[in-house]
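According to the numbering used here, numbering within the sequence shown proceeds without interruption in unit steps and concludes at 787. Even glycine gets a Cβ: it sits at the ideal position worked out from N, Cα and C. These notes concern the structure reproduced below.
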Amino acid sequence: MKTQERKTAFIRRFAGPGDGSGIVCFKFWQLVPAMGCPFRCSYCFLQDQLYFRFNPETLAGLVYTNIADMVGEVEKWLEDPIPKMLIVGELQDGLVFDPAYKKVNGTSLTHLLVPLFAAQTRHRLIFLTKATTIENALELPPTPQVVFSWSVNAEYIGTTFEHGAPPPSERFEAARRMKEAGWPIRFRLDPMVPYPGWQEGYAEAIERINALEPEMVTLGSLRATSPKSLRSAAEKNGRDASIFDYLGEERDASGFKYRVPEEVQLEMFRFALDRLAPRVVPALCKEDAGLWRRLGLPFRGCHCLLGGQDALVDGAAEQVAVETDVLPVPSTLPLPGPELHLLPPGVTNPGEWPLADASAVPDSSGQERGEVNHSPAEGTACSHAQLPPGPSDDGSAAVASAAMDQSVPEEMPSISIGDSGACEEGQHATQAPELVLEAAAEPNPHEVSAPGGGQQEDVVGHRDLQVSRRAGGPRRGLKSWTAAEVARTTPAEVRWIARPWVAEGAITIVDGKPKLAGKSTWVAHLVKHVLTGSEFLDELTTRSPVVLLTEERPVTLRRLLERVGIADSIDLHVIFYQDVRHLPWDALVKQAVDKCREVGAKLLIIDTLAQFSGIPESSSGKALDAVRPLQAAAEQGLGIVAVRHERKSGGGVGDSGRGSSALTGAVDIIVALQRPPNHTGQVRILHALSRYEETPSTLTIELGDEGYSVREGLDIEAQDLERALLLAVPDTEEDAKTADELMDKTGLKKTKAREALARMVKEGKLLQTGTGRKGAPYRYWRLATS
């Protein structure tokens, strides 16, 4: 086990599968107190993550030591008035490092975190684990604000493919002890695998689950993003890779993962659902929406959410309602307003929708599931979703209805959305927390009246133009700004990520000849300095994690990262083209933006634009199709760098890149890397066009052992002349050459060659003999060491 300080945020948002993916999963909150896991599960996705590929010694465990920073982040997170769940156990086992924390930091992880959550009644913490290290936790008084959740399985799967972890029977025993001590518990029966005789094994596991009456059980099946790559990693790590034989040959309906064949999934899930006790709330983990529908499973939250009281529930209900044809139905309240509800055949009135079984739904006190009651004053509302049946056999269409009015309890706090998505008191949110609100050209059915019927105050506009504006009703027509509003609400200074090349909310294009200009190398050095917050080309950078989309193969990328010195970075998050080539361009950009939010990255790099977008840049329309998703990403405050190959005919900056000049006009900064004429060294000339006056039009740089440096006042032509002459002159006085002989040999022009020879003699680089008169011309030679 290794230890080190964590340099980036401890709390992050899970990016999720991406909007429109069809996968029911939400952007939950996760705490990262450690990385890796000492258990050796064959199917563990961590094995195939880039960081662990390059740092295999940390796969067994990396514990962070700057606990004061972590505790401070948690305390600040707990100040948010909107109830949420924080999970420990997504990028590591949630409990296995508890004793290690005590040994390394003097205090166990549970003793650091549990008292913080026990001291309030708004948020909850959940530990997800396969470990049985509960001794430290049992020393603490139980609190409903902290949940312990075990990943369990059939005993055969646990002992065959989860080496190093306690067998499932021991995990159930640890859960029993925590339950008897008064702690809330949950289970994840995941991944379910259809091994021979699976029915008997899972029946036994479910019997043990029912006996312990957990709040919730989440079901999941074996899955992998890239089975071939994960199988290879498992074999390399000495783990039993035969488990991947159970996966199907095609991705699921959403294109998200390779899974057990769907009919087998349905059989296993139905088997489990039929046997779970009625009081246990079931859910699926990261499964396709169609699977929920085919199972007829009501959505009442999932493992990483608070359920009906989670801040993500509003967005979750809307997402599930759209993606799975679910009608969100509260257990006692009238139907909510603005969602579009798809009703099953025979139901024409939304009020006739059958409610979920009241016995399986917590009452308003939340006590049935061990949850703490949150009053409306704390901004909570409980809603539960019921999945309708699929399309009727006769093909009849569902009846659509939309409610146009929505009320808000007077006590509910209002919130506004800032750049980071954090909620603050003062305005009322009308969209998902991670989005900046935009004024609508048409009436917005999601707009609500402020408490008391007064005017609503909302935040509108581009991220650089955020201002609260009074509104007596829905906005109509074009959104406009007065010059005074622009001046008042726009930052006076550019928010540079790497001054003066990359700015927040801006797009930079990097052009250069393929394999010659050194575009990827230049970008890699820029990334290095952003990761560390150090100066790049004598200018300041803003320290930030980076997300890189690369067309490089892992082997060639590793060599580049090693040359630059960032192969061990845990803040550089790489997405390989081979892993995402199935995704449409706009969907890929959205998921990349989600990844940036998850890891706290300000910089997103696409190398190369043509490869990832798949859109030919030969026409204005298609070029703009490629850049529009990037413009939307930049509006979220990211700095975007897109690499583009220079066309064979070359050209001036802005014209040399492949494709239409329309792309040039749509971005903010264009940097063209060029080799000086007749130059084969590591010197490059940067030519730039920019909307920002800080960006120089021309800059000469040179790559050395320590990276790029600025070569101020460097005369590239003179340097090339000197190099050519040094190679041409002999190294003995007997063989000395005249200027005419040297010009014939090198092809240099007479005037410039003579000026260079005189300068080199004066500087001692060449030796000269002769008088320079007729019959005794100057002859030039150099010492062998020159």
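Less than 7 Å separating the Cβ of L558 from some heavy atom of the ligand GTP?
As presented, the structure is devoid of all ligands, the ligand GTP included, so that no description of it is given.
V97 and T66: beta carbons closer than 8 Å?
The sequence position of residue 97 within the sequence shown is 96, counting from 1. The sequence position of residue 66 within the sequence shown is 65, counting from 1. Result no, Cβ atoms of V97 and T66 do not sit closer than 8 Å.
Is it buried or exposed, L727, if we count other Cβ atoms within 10 angstroms and call 16 or more buried?
In the sequence shown, the residue the question calls residue 727 occupies position 726. By the 10 Å Cβ count, L727 comes out exposed.
Is there a C-beta anywhere in chain C that falls below 8 Å from the one on D736?
Reference to chain C is not applicable here, since this structure consists of a single protein chain.
Closest Cα partner of P192 within the set Y247, S698, P501 and G23:
Position 191 of the sequence shown holds residue 192. Of Y247, S698, P501 and G23, the residue nearest in Cα terms is Y247.
As a quick exercise: from S481, P34 and E91, pick the residue whose alpha carbon is nearest that of I68.
Translated into positions along the sequence shown, residue 68 becomes position 67. Nearest C-alpha to I68: P34.
Is the beta carbon of A175 closer than 8 Å to that of T219?
Within the sequence shown, residue 219 is the residue found at index 218, counting from 1. Within the sequence shown, residue 175 is the residue found at index 174, counting from 1. No, they are not a contact pair.
Please name the residue, chosen from F162, W184 and A485, that lies closest to Y196 on a Cα-to-Cα basis.
Counting from 1 along the sequence shown, the entry for residue 196 is found at position 195. It is F162.
Once you ignore the five residues that flank G455 on each side, which residues in its own chain have a CB closer than 7 Å to its CB?
The sequence position of residue 455 within the sequence shown is 454, counting from 1. Reliability fails at G455, whose pLDDT of 35 lies under 50, so the model's placement of it is uncertain and the value that follows must be treated cautiously. Nothing listed; no residue qualifies.
Let's see if you can read the secondary structure: which residues bound the beta strand (DSSP E) around D191?
The residue given as residue 191 occupies position 190 in the sequence shown. D191 -> beta strand (DSSP E) spans I186 to M193.
For P546, collect the residues of the same chain with a Cβ closer than 6 Å to its Cβ; drop the 5 residues on either side in sequence, then sort them by chain order.
Within the sequence shown, residue 546 is the residue found at index 545, counting from 1. Cβ neighbours of P546 beyond the five flanking positions: T9, D572, V600, G601 and A602.
Suppose you measure from the CA of E764 to the CA of E695; what does that come to, to the nearest Å?
Taking the sequence shown and counting its residues from 1, one reaches residue 764 at position 763. Taking the sequence shown and counting its residues from 1, one reaches residue 695 at position 694. Distance between the alpha carbons of E764 and E695 is about 36 Å.
Going by the DSSP bridge assignment, what does P283 pair with across the sheet?
For this step, residue 283 is matched to residue 282 along the sequence shown. Answer is V218, bridged to P283.
Would you tell me roughly how many angstroms separate the C-alpha atoms of V594 and P630, rounded to the nearest one?
One-based indexing of the sequence shown puts residue 594 at position 593. One-based indexing of the sequence shown puts residue 630 at position 629. Going from the Cα of V594 to the Cα of P630 covers about 10 Å.
Locate the beta strand (DSSP E) running through Q5, then write down its first and last residues.
As a first step, residue 5 must be located in the sequence shown, where it is residue number 4. First-last of the beta strand (DSSP E) with Q5: K3 to Q5.
Is it a yes or a no for the segment 28 to 42 touching the segment 605 to 612, going by three-plus beta-carbon pairs under 8 Å?
no
Inter-residue spacing [alpha-carbon to alpha-carbon] between L306 and L223:
Position 305 of the sequence shown, counted from the first residue, corresponds to residue 306. Position 222 of the sequence shown, counted from the first residue, corresponds to residue 223. Between L306 and L223, the C-alpha separation is close to 22 Å.
Return the residue from the list D241, R240, E288 and R280 that minimises the CA-CA distance to V261.
What you label residue 261 is simply residue 260 of the sequence shown in a count that begins at 1. Nearest C-alpha to V261: E288.
With H, G and I counted as helix, E and B as strand and the rest as coil, what does DSSP make of E236?
Residue mapping note: residue 236 aligns to position 235 of the sequence shown, counting from 1. DSSP places E236 in helix when its eight states are reduced to three.
So, V511 versus L639, is the Cβ gap smaller than 8 Å?
Within the sequence shown, the letter at position 510 stands for residue 511. Within the sequence shown, the letter at position 638 stands for residue 639. Going by C-beta atoms, V511 is not nearer than 8 Å to L639.
Quick one: residues in its chain with C-beta nearer than 7 Å to the C-beta of R209, no 5 flanking neighbours on either side, listed in chain order?
Taking the first residue of the sequence shown as position 1, residue 209 is located at position 208. Excluding residues within five positions, the ones whose Cβ falls inside 7 Å are F173.
Span of the beta strand (DSSP E) around V547
Numbered from its first residue, the sequence shown carries residue 547 at position 546. Note, V547: beta strand (DSSP E), V547 to T551.
If you reduce the DSSP assignment to three classes, tell me which class I68 lands in.
Counting from one through the sequence shown, the residue named residue 68 turns up at place 67. Helix, per DSSP.
Counting Cβ pairs, one atom from each stretch, are 3 or more of them under 8 Å apart for the segment 686 to 704 and the segment 720 to 739?
no
Between which residues of its own chain and P283 is the CB-CB distance below 7 Å, once the five residues before and five after are set aside?
As a working note, residue 283 is residue 282 in the sequence shown. The residues are V218, L220, L274, L277 and L298.
Compare the Cα-Cα distances from R559 to each of A568, F270 and T542 and report the closest residue.
By one-based count along the sequence shown, residue 559 stands at place 558. Taking only the C-alpha atoms, the option nearest R559 is A568.
What residue from A777, R280 and W497 has the CA that sits closest to E536's CA?
Numbered from its first residue, the sequence shown carries residue 536 at position 535. Nearest C-alpha to E536: W497.
N- and C-terminal bounds of the beta strand (DSSP E) containing T701:
On the sequence shown, residue 701 is found 700 positions in, with the first residue counted as 1. Here the beta strand (DSSP E) through T701 covers T699 to G705.
Can you tell me whether DSSP reads G427 as helix, strand or coil?
One-based indexing of the sequence shown puts residue 427 at position 426. Confidence at G427 is low in this model, with a pLDDT of 30, below 50, so its placement is unreliable and no value can be given for it.
For Q31, which three-state DSSP category applies?
By 1-based counting over the sequence shown, the position of residue 31 is 30. Q31 falls in the strand class under three-state DSSP.
Tell me the DSSP secondary structure of A488 in three-state form.
Residue mapping note: residue 488 aligns to position 487 of the sequence shown, counting from 1. It is helical.
Determine the DSSP secondary structure at F128, reduced to helix, strand or coil.
Taking the sequence shown and counting its residues from 1, one reaches residue 128 at position 127. Strand at F128.
Of the residues V153, W184, T108 and I186, the one placed nearest E171, counting alpha carbons only
By one-based count along the sequence shown, residue 171 stands at place 170. Out of V153, W184, T108 and I186, V153 has the C-alpha closest to the C-alpha of E171.
Give me the residue from R280, W293, N238 and R240 with the minimum Cα distance to E263.
In the sequence shown, counting from the first residue as 1, residue 263 sits at position 262. Ranking R280, W293, N238 and R240 by Cα distance to E263 puts W293 first.
Per DSSP, which one or two residues make a beta bridge with M86?
As a first step, residue 86 must be located in the sequence shown, where it is residue number 85. DSSP, once it has assigned bridges, lists R125 as partnering M86.
Secondary structure at C305, three-state DSSP: helix, strand or coil?
Against the sequence shown, residue 305 aligns to sequence position 304. Residue state, collapsed to three classes: coil.
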